[in-house]
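Down below is the structure, laid out as structure tokens.
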Amino acid sequence: MKKNNVIKAATFCFFAFLIVLNSCKDDEAIVQPTEPVVPSLTAANNGAVINELLFSPTINGNVSASKSFTLRAANLLNSVEATVTEHFEISKNNTDFTNSLTFTSSELNVGDFLLYVRFAPIITTLGEITGDLLFTSEDFIDVTVNLIGNALEIPSEIQTTGTITDFGDVLLATVSTEQVFQIKGLSLENDITATVTGAYEISKDNVTYTNATNYTFGTINTTAENLYVRFIPTLTDLGGQNGRITLSATGVDDVVIELSGTGIGVTHNYTTFNQEALAFGGGFSQSATQTFTLHTDLSNIAQIKMFVQIDCPGTGCDDWDRFANVKIKDASSGDWYELGRYITPYWTGTQQLARGLEFDVTDFKSLLTGSVELKIYIENWTAKADLITVDFDFIEGTPDYQYYEVAGVLQYNNNSIDGVPYGVSHNFDLDKSITIPANAESTHLRTTISGWGHATGSPGSNCAEWCFRTHDVKINGTNTFQHDMGSLGCASNPVSNQSPGNWTGNRAGWCPGMAVPDRIDVFSSSMAGNTFTFEYDYEDWTNNMGNGDAYYATSTYVVVKSNTPITKPIVN
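Whatever position you read off the sequence shown (first residue = 1), add 331 for the numbering used here.
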């Protein structure tokens, strides 16, 4: 019996312990305190807290590029005020900047907020400037970001607004439409002087034009002013004319504005050959000769241009690049002088050019007047005709000299293989004696040269079409002028529809579908009354005859000019 009481007592005690234990646990759950909610705000960049922003040097009166960082907030109950000290500005959107902003708690609690700051030194400040960006709220202790910038002095300079474009074609002895741009001074301490060179004049009011004018620095520092410019080509300003406006003031760099325009004269146009078909066989001929009447009064003709247009018949143009030229007969000697040489394009004409190929033939002015006999030639060996039109522009203006004369020196120019054999012995006469009239005021040589053939030899091969060479013109036995037979950049030829022809490859001094360039060599003196020796000296090369012959079709003329009537040079 006693044993059972002990067991009961023990059992009672156990259950009593459990009751007390559970009671204690319930008491703990009731009295456990809650963690406090603490509002916070930090300024961070890439996750790291920042307390300073450094800005790049900025000219006073201007603003720097903005810098940004994130505002990271938690548990805010009240709004946040952000204020920045003088010379700095803040923005929520990097567009609208101010010196103070207000953020609602909901605006910041939702996540990181990007804030922008920029340095904006006022115009009277210089050197290092420090400031503060301060965040205040009832919810937290003030947060400060230190700001540092360096204000630079406004540089003194001349500023311009607007552009001056090419004036284009303007008739000689007339005035172009004016163009205008604005001039502004920045902290200038001296007046601006504007000057202009060339066939141009300037004005402040678009009424009174001159070649120089002034702007007062006190006014121009405050308000931009206009400068008008116009192109005024005189009768001597034929062709492209460059000029320059210079704006200058003591203590600052000059501002230079380049000017360009083209003076054009009254033009008298004469069409000679018109759609003349040149071919071989099928009733065609490779050449045509006719007489035409050209301009008779050359006293006010400053320039003569010749244009050659190649059109194709329904059967299409010749498939190959061919030697071709235009000649005029010298009535006094019966000789044919080469006005211009060109190489035809593969497969097509020159329709991509509004007027075809262009040549300056002013050197032959003494022959290009009144009744003239002209000859056109293409070395076309097919029945596919090229249709040739030749016309001349006689352009009025003041001639450089009133009187011209021209004489042939070398004339190996009838076709591609009529030229001087290259790299072999020959009996072509390349040595001449030339006597210049006593009243000559200007003397120059005009040479047209193109190579043909794919001959091999040493040094180099594929002569004379593909081998780049430099030839000398000897005057009195001395190398005086040089002719570089190098690349002309055939791939950039505007006559570009020559496929499948090999038109892009760089020949030696010519290209398919282009005019062969004239090489003008002007003597340093007038050479008046002088007799001198002339020799055309081709660069040394030996043809090994492994792949046929090489030729240089060569024309050279001596041109004299004077303001008194002049006779032809004598060539022996």
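Glycine included, every Cβ here is placed at the ideal spot set by N, Cα and C.
Beta-carbon proximity check, residue i vs residue j, cutoff 9 Å
i	j	result
asparagine 409	aspartate 470	yes
arginine 449	phenylalanine 512	no
threonine 885	glycine 788	no
tyrosine 882	isoleucine 709	no
serine 702	threonine 620	no
serine 764	phenylalanine 863	yes
isoleucine 495	isoleucine 576	yes
glutamate 727	histidine 599	yes
serine 422	phenylalanine 428	yes
alanine 555	isoleucine 489	no
alanine 525	threonine 565	no
tyrosine 869	valine 740	no
asparagine 887	arginine 777	Note on residue identity: the sequence assigns threonine, not asparagine, to residue 887. Yes; because the gap between Cβ atoms is below 9 Å, this pair is in contact.
valine 905	phenylalanine 865	This structure does not reach residue 905, given that the chain is present from 332 up to 903, and the question cannot be answered.
alanine 769	lysine 892	no
phenylalanine 654	valine 721	no
histidine 814	glycine 784	no
leucine 569	isoleucine 595	yes
tyrosine 673	leucine 688	yes
asparagine 542	threonine 553	no
For residue i, three-class secondary structure by DSSP
i	result
aspartate 473	strand
valine 362	Per-residue confidence for valine 362 stands at a pLDDT of 49, beneath the threshold of 50, marking its modelled position as unreliable; no derived number is given.
valine 902	strand
alanine 822	helix
threonine 620	strand
threonine 693	helix
aspartate 357	In this prediction, aspartate 357 scores a pLDDT of 47, lower than 50, which makes its location untrustworthy; the coordinate-derived value is nonetheless stated afterwards. Of the three classes helix, strand and coil, the one that applies to aspartate 357 here is helix, per DSSP.
threonine 455	coil
leucine 352	Bear in mind that a pLDDT of 42 at leucine 352, under 50, signals an unreliable position, so the model cannot answer this.
threonine 505	coil
tyrosine 888	strand
methionine 876	coil
Nearest candidate by alpha-carbon position, reference residue i, set the options
i	options	result
isoleucine 381	Val441, Val411 and Leu465	Leu465
aspartate 443	Glu484, Thr494, Ser371 and Leu384	Ser371
isoleucine 632	Asp661, Phe695 and Arg403	Phe695
alanine 413	Cys648, Leu407, Ser468 and Trp712	Ser468
valine 394	Gly817, Ala451, Ser437 and Val587	Ala451
glutamate 736	Leu699, Thr720, Ala839 and Gly582	Leu699
glutamine 742	Asp427, Thr539 and Ser781	Ser781
alanine 375	Glu420, Val369 and Thr475	Thr475
glutamate 669	Asp661, Gly480 and Pro676	Asp661
isoleucine 472	Phe498, Val538, Ala404 and Val506	Ala404
asparagine 833	Leu432, Ser630 and Asp650	Asp650
lysine 706	Phe604, Asp852, Ala396 and His802	Phe604
threonine 729	Phe638, Ala504, Gly499 and Leu432	Ala504
alanine 846	Ile533, Gln640, Ala714 and Asp762	Gln640
phenylalanine 615	Pro896, Asn894 and Ala714	Ala714
alanine 685	Phe725, Ile533 and Asp642	Asp642
aspartate 522	Ile767, Ile551, His757 and Phe854	Ile551
glutamate 315	Leu517, Phe498 and Ser823	No answer is possible for residue 315: it lies beyond the span of the chain, which begins at 332 and ends at 903.
Beta strand (DSSP E) segment containing residue i, residue limits
i	result
glutamate 669	667–674
glutamate 438	Looking at the DSSP string, glutamate 438 is not in any beta strand (DSSP E); the run it does join, the alpha helix (DSSP H), is 436–440.
valine 394	Counting along the chain, valine 394 falls outside any beta strand (DSSP E), and DSSP gives it neither H nor E.
glycine 832	Looking at the DSSP string, glycine 832 is not in any beta strand (DSSP E), and its letter there is neither H nor E.
arginine 850	849–853
methionine 816	809–816
aspartate 868	862–868
glycine 791	Unbroken run through glycine 791: none, as it is neither H nor E.
alanine 655	654–660
glycine 516	510–517
glutamine 682	From DSSP, glutamine 682 is part of no beta strand (DSSP E); its letter is neither H nor E.
methionine 637	632–642
isoleucine 523	523–527
Segment limits, alpha helix (DSSP H) that includes residue i
i	result
glutamate 420	Counting along the chain, glutamate 420 falls outside any alpha helix (DSSP H), though it belongs to the beta strand (DSSP E) covering 419–422.
beta-carbon residue i near the ligand MN non-hydrogen atom, thresh 8 Å
i	result
aspartate 731	Ligands are entirely absent from the displayed structure, and the ligand MN is therefore not among its contents.
Going residue by residue through the segment 714–747, where are the continuous beta strand (DSSP E) segments of at least 3 residues, counting only ones entirely within it? List check, beta strand (DSSP E) in window: 717–727 and 734–743.
Secondary structure, beta strand (DSSP E): runs of 3+ residues fully inside the segment 538–614 | Complete beta strand (DSSP E) runs here, min 3: 543–546, 556–562, 570–579, 586–595, 598–602 and 607–609.
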